[in-house]
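**Student:** As numbered in the UniProt record's numbering, residues 1 to 418 make up the sequence shown, in order.
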Amino acid sequence: SAVRPQRRGRLEGPLRTAWSMAVTRTILEASNDAGEEEARRRQQWRAMVQHGLSRFVQEQPEVFKRRACRGVPAEHRWQAWKAALKIEDKVQHGKYQEYLQVENQWTRLIEIDIPRTFPEMPLFDKEQQFSLLRILNAFANFDPAVGYCQGMNFLAGLLLLVAQNGDFRESPKLEKEEEAFWMLTCLMSECGLCGFYRLHFPLLRRYMAAFDQLMVEHIPDLQEHFKRENVQHAVYLHQWFLTLFINCMPMEMVLIFWDAIVCGGRGVEVILPLTITMLQVLKDVLLALAFEDILRLFKSMRFDDTDVDAATIGRLLVSRCAAIRLPTRMTTRLRAPLPEDDSTPMSPDACADKEFFFSPAGRQHAEGEDISEEGSSLFGTYLQQFSKMRQDLPQIPQGMMSWLEDARDNFHWAGSGP
Numbered sequence: 001s002a003v004r005p006q007r008r009g010r011l012e013g014p015l016r017t018a019w020s021m022a023v024t025r026t027i028l029e030a031s032n033d034a035g036e037e038e039a040r041r042r043q044q045w046r047a048m049v050q051h052g053l054s055r056f057v058q059e060q061p062e063v064f065k066r067r068a069c070r071g072v073p074a075e076h077r078w079q080a081w082k083a084a085l086k087i088e089d090k091v092q093h094g095k096y097q098e099y100l101q102v103e104n105q106w107t108r109l110i111e112i113d114i115p116r117t118f119p120e121m122p123l124f125d126k127e128q129q130f131s132l133l134r135i136l137n138a139f140a141n142f143d144p145a146v147g148y149c150q151g152m153n154f155l156a157g158l159l160l161l162v163a164q165n166g167d168f169r170e171s172p173k174l175e176k177e178e179e180a181f182w183m184l185t186c187l188m189s190e191c192g193l194c195g196f197y198r199l200h201f202p203l204l205r206r207y208m209a210a211f212d213q214l215m216v217e218h219i220p221d222l223q224e225h226f227k228r229e230n231v232q233h234a235v236y237l238h239q240w241f242l243t244l245f246i247n248c249m250p251m252e253m254v255l256i257f258w259d260a261i262v263c264g265g266r267g268v269e270v271i272l273p274l275t276i277t278m279l280q281v282l283k284d285v286l287l288a289l290a291f292e293d294i295l296r297l298f299k300s301m302r303f304d305d306t307d308v309d310a311a312t313i314g315r316l317l318v319s320r321c322a323a324i325r326l327p328t329r330m331t332t333r334l335r336a337p338l339p340e341d342d343s344t345p346m347s348p349d350a351c352a353d354k355e356f357f358f359s360p361a362g363r364q365h366a367e368g369e370d371i372s373e374e375g376s377s378l379f380g381t382y383l384q385q386f387s388k389m390r391q392d393l394p395q396i397p398q399g400m401m402s403w404l405e406d407a408r409d410n411f412h413w414a415g416s417g418p
């Protein structure tokens with residue numbers, strides 16, 4: 001068996017400083033004429049918009065993809081996303097209003113999750129929250145086989161944000177709200193995201209398996225380190241994948257990632273090389289950390305740091321991840337039709353099963369582990385009792401600590417309060 005390395009010391013100061021140190025080194029490796037590059041990029045996009053983005057996508061698709069992967073200027077982002085997905089052709093006039101008329105079995109769950117979406121944005125107020133509620137409720141009526149699942153609130157919330165050019169100060173216009181809805185339906189159906197949220201999470205399982213293979217191939221030393229420290233990939237990847245990084249990274253970085261996802265040509269599959277690239281950048285820092293500090297570092301990555309240019313980091317990560325190509329056998333597996341039994345409309349009981357998945361017990365179940373009756377009955381225990389739980393129930397993975405701490409924030413099991 002592998003020899004366990006000597007115990008590392010804890011990092012001094014906030015752990016997000018380690019994230020800042022790692023990515024700052026990455027920035028320094030980039031060119032020194034970033035300002036000139038930014039000005040040139042904006043000029044290119046102004047010319048593309050004047051030409052007509054939809055026309056440009058049709059006439060020069062590869063140029064559009066390449067430029068989008070370098071980051072779309074905020075003022076042109078929504079137009080670029082609509083052009084890339086041909087949203088104008090997807091709109092079914094009058095249908096959105098029809099979907100809004102009916103409550104469904106997910107409405108109450110959506111209402112609970114809405115206030116927990118972008119809590120760090122004071123301008124995401126009651127009016128914005130009501131628009132988000134309408135979008136998610138309409139989508140649950142549009143595709144009852146998917147319905148609603150935690151994580152989708154962040155996807156729809158980001159679309160609503162970008163539709164308003166990143167500005168929540170004004171009341172959302174119904175036109176932008178409807179555009180965000182049709183963008184969500186397109187991402188779910190045509191881009192395949194719905195497989196992440198269907199009953200039993202069939203596509204998420206495939207992506208987790210693919211990630212394991214890529215980790216072994218590209219970062220074997222970090223893979224071994226995570227094994228030694230008992231860091232299960234599900235502890236951080238479930239949230240990264242189910243929210244497409246929205247609730248896990250600085251927003252400016254997330255937007256660059258989404259430019260690549262929506263416009264870059266690789267679709268949702270780009271999240272795999274992106275994740276590998278991010279871990280490569282952070283590898284030296286992660287190898288020096290023990291279990292709990294690794295999880296703290298992952299949790300700290302969502303917060304903006306004044307020392308970090310998140311947008312530049314995002315562009316560099318997207319650029320670097322282009323070198324990681326997914327094997328044909330892997331992409332074939334990822335794109336294969338999902339099992340029929342994962343496409344059936346869900347009952348209220350099935351909706352509860354989705355909630356179970358987001359509990360620590362559900363995460364163990366998704367990884368194929370056995371859940372004891374005694375263990376699962378303790379998953380709602382008050383947070384201050386966790387130290388005793390770790391002593392009394394050693395069979396519960398250490399990753400449980402992180403998820404219990406997050407229970408009051410973003411991912412919570414059925415029965416948690418609003």
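Note that beta-carbon positions come from the ideal geometry of N, C-alpha and C, so glycine has one too. Predicted model, so just to flag it, every value in this text is computed and none were measured.
Report the start-end ranges of each alpha helix (DSSP H) in the region 125-161 that is 4 residues or longer and not cut off at the edges.
**Tutor:** Within the region 125-161, the complete alpha helix (DSSP H) runs of at least 4 residues are 126-142.
**Student:** Kindly indicate which residue of Gln223, Glu217, Gly151 and Glu340 has the alpha-carbon position closest to the one of Leu286.
**Tutor:** It is Gln223.
**Student:** Could you tell me if Asp349 is buried or exposed, where buried requires 16 or more neighbouring beta carbons within 10 angstroms of its beta carbon?
**Tutor:** Note on Asp349: pLDDT 49, under 50, position unreliable in the model; the coordinate value appears next. Label assigned to Asp349: exposed.
**Student:** Should Gly52 be labelled buried (16 or more other beta-carbon atoms within 10 Å of its own) or exposed?
**Tutor:** Counting Cβ neighbours within 10 Å, Gly52 comes out exposed, since fewer than 16 surround it.
**Student:** Checking 8 Å against the spacing of the C-beta atoms, do Val268 and Cys194 come in under that value?
**Tutor:** For Val268 and Cys194, no; Cβs fall outside 8 Å.
**Student:** Considering Cα atoms alone, identify which of Asn247, Phe181 and Gln79 is closest to Arg116.
**Tutor:** The shortest Cα separation from Arg116 among Asn247, Phe181 and Gln79 belongs to Asn247.
**Student:** For the candidate residues Leu334, Pro250, Pro119 and Pro220, whose alpha-carbon lies nearest to that of Asp309?
**Tutor:** Comparing Cα-Cα distances from Asp309 to each of Leu334, Pro250, Pro119 and Pro220, the minimum goes to Pro250.
**Student:** The alpha helix (DSSP H) with Met183 in it runs from where to where?
**Tutor:** Met183 -> alpha helix (DSSP H) spans Leu174 to Ser189.
**Student:** Report buried or exposed for Ala145, applying the criterion of at least 16 other Cβ atoms within 10 angstroms of its Cβ.
**Tutor:** By the neighbour-count rule (16 or more Cβ atoms within 10 Å), Ala145 is not buried but exposed.
**Student:** So Val318 packs on Leu274, CB below 8 Å; how close in whole Å?
**Tutor:** Indeed they touch by this definition, with Cβ atoms about 7 Å apart.
**Student:** Do you know how far the Cα of Trp258 is from the Cα of Ala84?
**Tutor:** Cα-Cα distance, rounded: 12 Å.
**Student:** Determine the extent of the alpha helix (DSSP H) in which His218 is found, giving its start and end residues.
**Tutor:** Pro202 to His218 is the span of the alpha helix (DSSP H), which, as asked, contains His218.
**Student:** Restricting to runs no shorter than 4 residues, where is the alpha helix (DSSP H) found entirely within the region 38-87?
**Tutor:** For the region 38-87, whole alpha helix (DSSP H) runs of length 4 or above, ordered along the chain, are 53-59, 61-68 and 74-85.
**Student:** So the alpha helix (DSSP H) Ile294 belongs to, where does it begin and stop?
**Tutor:** From DSSP, the alpha helix (DSSP H) with Ile294 extends over Phe291 to Ser300.
**Student:** Between Val270, Leu326, Met301 and Asp284, which has its C-alpha nearest Cys69's C-alpha?
**Tutor:** Comparing Cα positions, the closest option is Val270.
**Student:** Taking Arg134 as the reference, which of Tyr96, His200 and His225 has the closest Cα?
**Tutor:** Out of Tyr96, His200 and His225, Tyr96 has the C-alpha closest to the C-alpha of Arg134.
**Student:** Could you check what DSSP says for Phe196 in three-state terms: helix, strand or coil?
**Tutor:** It is helical.
**Student:** Measuring only the C-alpha atoms, how far is Tyr205 from Gln129?
**Tutor:** In the sequence as presented, Tyr is not what sits at residue 205; that position holds Arg. So the alpha carbons of these two residues sit roughly 31 Å apart.
**Student:** Secondary structure at Gln223, three-state DSSP: helix, strand or coil?
**Tutor:** In this structure, Gln223 counts as helix in the three-state DSSP scheme.
**Student:** Could you say which of Met121, Asn230 and Asp89 lies nearest to Asp293 if we only look at CA atoms?
**Tutor:** Comparing Cα positions, the closest option is Asn230.
**Student:** Give me the Cα-Cα distance between Gly72 and Lys82, rounded to the nearest whole angstrom.
**Tutor:** A small fix is needed here, since residue 72 is Val in this sequence, not Gly. Roughly 12 Å between the two C-alpha positions.
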